[in-house]
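Residue numbers (full-length UniProt numbering): 1 to 385. Ideal Cβ positions, reconstructed from N, Cα and C, are used throughout, including at glycine. To start, the structure itself, in structure tokens.
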Amino acid sequence: MHEPQVTETLPVPSNVSASQCELPYEDGRLPLVLLYSGVLAVGVPANLLTVYLTWLQVSRNNVLGVYLWSLSLCDLTYLCTLPLWAHYVNTGHSWLWGPVACKVTGYIFFTNMYVSIFLLCCISCDRYVAIAYSVESRGLRRQRLAVLITLAIVLVVAVGHVPVFTMKEGDAGGKGRCFEPNQSSATVTGFYYARVVIGFLLPLLLLVASNRGILANVQRSTGLRREQKQRVRWLAAAVVVLFLVCFAPYHAILLVRAILFHFPVLGAGCVLEGIMYTLYTISLGLSTVNSAVNPILYVLSSDNIRKELRQGLAKLCSRAQSWQRSDNSQNKIQPTRGSSELNGATETQKPPEGGPQGSDHAPRGLTTPQRSDHTHRDMDTSPWV
Numbered sequence: 001m002h003e004p005q006v007t008e009t010l011p012v013p014s015n016v017s018a019s020q021c022e023l024p025y026e027d028g029r030l031p032l033v034l035l036y037s038g039v040l041a042v043g044v045p046a047n048l049l050t051v052y053l054t055w056l057q058v059s060r061n062n063v064l065g066v067y068l069w070s071l072s073l074c075d076l077t078y079l080c081t082l083p084l085w086a087h088y089v090n091t092g093h094s095w096l097w098g099p100v101a102c103k104v105t106g107y108i109f110f111t112n113m114y115v116s117i118f119l120l121c122c123i124s125c126d127r128y129v130a131i132a133y134s135v136e137s138r139g140l141r142r143q144r145l146a147v148l149i150t151l152a153i154v155l156v157v158a159v160g161h162v163p164v165f166t167m168k169e170g171d172a173g174g175k176g177r178c179f180e181p182n183q184s185s186a187t188v189t190g191f192y193y194a195r196v197v198i199g200f201l202l203p204l205l206l207l208v209a210s211n212r213g214i215l216a217n218v219q220r221s222t223g224l225r226r227e228q229k230q231r232v233r234w235l236a237a238a239v240v241v242l243f244l245v246c247f248a249p250y251h252a253i254l255l256v257r258a259i260l261f262h263f264p265v266l267g268a269g270c271v272l273e274g275i276m277y278t279l280y281t282i283s284l285g286l287s288t289v290n291s292a293v294n295p296i297l298y299v300l301s302s303d304n305i306r307k308e309l310r311q312g313l314a315k316l317c318s319r320a321q322s323w324q325r326s327d328n329s330q331n332k333i334q335p336t337r338g339s340s341e342l343n344g345a346t347e348t349q350k351p352p353e354g355g356p357q358g359s360d361h362a363p364r365g366l367t368t369p370q371r372s373d374h375t376h377r378d379m380d381t382s383p384w385v
């Protein structure tokens with residue numbers, strides 16, 4: 001008799017290394033690629049527009065405009081890495097451009113993520129100071145100080161992420177994996193803890209405190225209408241909720257991974273690793289949404305910027321209409337060469353009607369730009385209102 005052939009499924013020890021597990025790289029590939037593509041389609045034009053609009057505010061010595069312009073530029077740089085990540089996901093998490101490109105792309109991706117987070121804190125804190133201490137802060141809120149704070153944030157975050165270039169997780173060797181979460185090491189888990197505490201919990205505390213202070217001061221204000229107060233409440237809540245939705249899941253996964261690395265006895269083998277990886281990809285996708293929503297929430301929600309945008313669009317439309325009218329008039333009047341010369345000679349012989357040429361030939365539209373420049377010299381004297 002033949003002994004029955006038994007197919008054994010060897011149990012994986014609970015303390016198995018995450019790198020030994022086959023993770024579901026193919027699962028959820030299409031939704032993640034579609035998410036990256038959607039964020040690119042919305043975020044790139046929105047941030048390009050807000051880079052221009054906020055630069056106009058910076059040129060008028062506006063303090064808040066410095067942070068908003070820097071945020072838009074940072075998000076735009078961050079979005080430039082998404083096509084590479086989308087291709088990486090679409091090819092089954094196989095990096096095709098070598099370890100140097102992997103490390104540079106990862107460095108830009110994560111550096112700009114945290115620069116953006118700290119700039120969000122600067123925006124909320126600056127708005128709180130402008131509202132709560134509107135008189136006292138006039139000497140403190142200077143554009144030069146805002147520029148120095150922004151440069152300090154960029155410098156600290158950039159230097160803090162330099163070890164990315166020394167991590168073996170960015171070597172993209174073997175199967176071409178680039179900064180996959182299962183490639184844990186002591187250096188990586190140290191970065192996880194730092195990101196959770198410094199890059200998430202501290203900014204969350206600042207955002208909650210500053211927006212709560214904004215709400216308290218706006219509620220006590222007697223110079224604002226009810227709908228204005230309601231709008232401030234909605235925007236303050238939206239800032240905190242957006243931050244939590246975009247960044248809380250990602251940093252929660254980082255914290256769990258760091259804990260499991262230091263306490264492997266808590267692990268449950270490859271099953272848990274597969275679940276954690278799926279949650280990680282979802283959370284990483286959510287973190288990219290922030291860069292597409294920031295221009296809408298922070299910049300395009302400003303009354304003065306929307307007014308300036310409408311005026312700019314109105315000018316473009318008026319110019320387009322004037323060009324169209326001039327083209328139509330040239331197309332309608334196409335006389336023969338002889339009649340054209342005859343008409344030209346006749347017109348030169350006609351005396352000017354109505355005496356000296358006055359207002360009909362005076363330059364038009366000179367007063368409107370002067371009023372516009374005066375109106376928009378300051379961006380948001382009462383932010384969010």
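Tell me which residues share the same chain as residue i and place their Cβ nearer than 7 angstroms to its Cβ, disregarding the 5 neighbours each side in the sequence.
i           : result
residue 312 : none
residue 32  : 89, 281 and 285
residue 293 : 242
residue 27  : 278
residue 258 : 189, 192 and 193
residue 186 : none
residue 219 : 229
residue 23  : 182, 273, 274 and 277
Assuming residue i and residue j are in contact, meaning their beta carbons sit under 8 angstroms apart, how far apart are those beta carbons, in whole angstroms?
i           : j           : result
residue 245 : residue 211 : At roughly 15 angstroms, the Cβ-Cβ gap does not stay under 8 angstroms, so residue 245 and residue 211 are not in contact.
residue 51  : residue 82  : Actually they are not in contact, since the Cβ atoms of residue 51 and residue 82 sit about 17 angstroms apart, beyond 8 angstroms.
residue 77  : residue 112 : 5 angstroms
residue 127 : residue 214 : 6 angstroms
residue 157 : residue 115 : 5 angstroms
residue 200 : residue 262 : 19 angstroms between Cβ atoms; not a contact.
residue 95  : residue 176 : 4 angstroms
Grab me the residues of residue i's own chain with a C-beta within less than 8 angstroms of its C-beta, minus the 5 sequence neighbours each way, in chain order.
i           : result
residue 253 : 181, 276, 279, 280 and 283
residue 346 : Residue confidence is low: residue 346 scores 46 on pLDDT, short of 50, so the model does not pin down where it sits. Its coordinate-derived value is still stated next. So the list is empty, once near-sequence residues are dropped.
residue 35  : 285, 288 and 289
residue 147 : 66
residue 45  : none
residue 371 : Here the model assigns residue 371 a pLDDT of 40, short of 50, so the residue's position is not dependable and the matter cannot be decided.
Check each candidate in the options and name the one with the smallest Cα separation from residue i.
i           : options               : result
residue 232 : 204, 274, 297 and 291 : 297
residue 154 : 22, 75 and 60         : 75
residue 260 : 273, 93, 319 and 23   : 273
residue 247 : 43, 269, 196 and 218  : 196
residue 42  : 271, 122, 79 and 66   : 79
residue 242 : 166, 263, 117 and 314 : 117
residue 209 : 129, 64, 225 and 308  : 129
residue 152 : 125, 119, 179 and 216 : 119
residue 166 : 102, 270 and 122      : 102
residue 91  : 309, 178, 315 and 316 : 178
residue 138 : 110, 62, 305 and 304  : 62
residue 49  : 38, 95, 69 and 30     : 69
residue 87  : 37, 135, 125 and 45   : 37
residue 198 : 219, 84, 263 and 121  : 121
residue 124 : 305, 40, 263 and 237  : 237
residue 25  : 256, 93, 308 and 59   : 93
residue 134 : 249, 221, 98 and 84   : 221
residue 40  : 85, 59, 307 and 60    : 85
residue 304 : 60, 317 and 270       : 60
residue 64  : 307, 30, 302 and 325  : 302
Could you pull out every residue in the same chain whose Cβ sits closer than 6 angstroms to the Cβ of residue i, ignoring the five residues on either side in sequence?
i           : result
residue 47  : 72, 75, 76 and 295
residue 291 : 43, 75, 78 and 79
residue 131 : 214 and 217
residue 340 : For residue 340, the predicted model reports a pLDDT of 49, less than 50, meaning its position is unreliable; a value from the coordinates is still stated below. Closer than 6 angstroms at the Cβ level, and outside the excluded window around residue 340, lies no residue.
Given 6 angstroms as the limit, tell me if residue i has its C-beta closer than that to any heavy atom belonging to the ligand ADP.
i          : result
residue 77 : No copy of the ligand ADP occurs in the structure displayed, which carries no ligand at all.
Contact the stretch 102-114 vs the stretch 52-59: 3+ CB pairs below 8 angstroms: no
The stretch 201-211 touching the stretch 139-153, judged by at least three CB pairs closer than 8 angstroms: no
State whether the stretch 185-194 contacts the stretch 160-168, with contact taken as three or more CB pairs (one from each stretch) at a distance under 8 angstroms. A contact exists between the stretch 185-194 and the stretch 160-168.
Just to confirm the assignment: which complete alpha helix (DSSP H) runs, minimum length 4, are found wholly within the stretch 20-69? 29-59
Enumerate, from N- to C-terminal direction, the unbroken beta strand (DSSP E) stretches of 3 or more residues contained entirely within the stretch 132-210. Annotation note: the stretch 132-210 contains no uninterrupted beta strand (DSSP E) run of length 3 or greater.
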